[in-house]
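Peer 1:
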Amino acid sequence: MKKGPVLRCCALTRERLPKKELLRIVRDKEGNVFVDDTYKANGRGCYLKKDKEVIIKAQKSKILDRNLNVQVNDEIYEDLLKRL
């Protein structure tokens with residue numbers, strides 16, 4: 002039996018999508034927040050759908066702040082928008 006793609010849940014839309022259709026944001030032990038291109042970095046991770054509207058809504062609703070338990074800078078959201 003062949004397995005399907007690994008599915009992850011978008012923090013905002015709650016859609017289950019393959020990892021490659023999502024962006025991963027990580028908070029490490031020191032409290033640093035960054036975008037994880039490898040999808041393997043250690044720390045608390047959160048996924049957002051690769052969609053401009055989703056990223057803007059996430060910034061307004063502060064969903065990443067709640068999921069990562071830390072204040073997320075606007076620079077992270079700008080970085081996410083550049084990666085689309």
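If you read the sequence shown in my numbering, its first letter stands for residue 2, the second for the next number, and so on. Ideal Cβ positions, reconstructed from N, Cα and C, are used throughout, including at glycine.
Write down every uninterrupted run of the alpha helix (DSSP H) in the segment 55–80 whose length is 4 residues or greater and which is fully enclosed by it, in chain order.
Peer 2: Complete alpha helix (DSSP H) runs here, min 4: 64–69.
Peer 1: For a test of the three-state rule: what should DSSP assign to isoleucine 50, helix, strand or coil?
Peer 2: According to the sequence as given, residue 50 is lysine; it is not isoleucine. Strand, per DSSP.
Peer 1: Pull up the CB-CB distance for arginine 15 and valine 27, whole angstroms please, since I reckon it's below 8 Å.
Peer 2: Actually they are not in contact, since the Cβ atoms of arginine 15 and valine 27 sit about 20 Å apart, beyond 8 Å.
Peer 1: Please return the same chain residues whose Cβ sits closer than 6 Å to the Cβ of cysteine 10, not counting the five positions on each side in sequence.
Peer 2: Cβ neighbours of cysteine 10 beyond the five flanking positions: Arg17.
Peer 1: With 16 as the cutoff for other CB atoms within 10 Å, does valine 73 come out buried or exposed?
Peer 2: Its Cβ being crowded by 16 or more others within 10 Å, valine 73 is buried.
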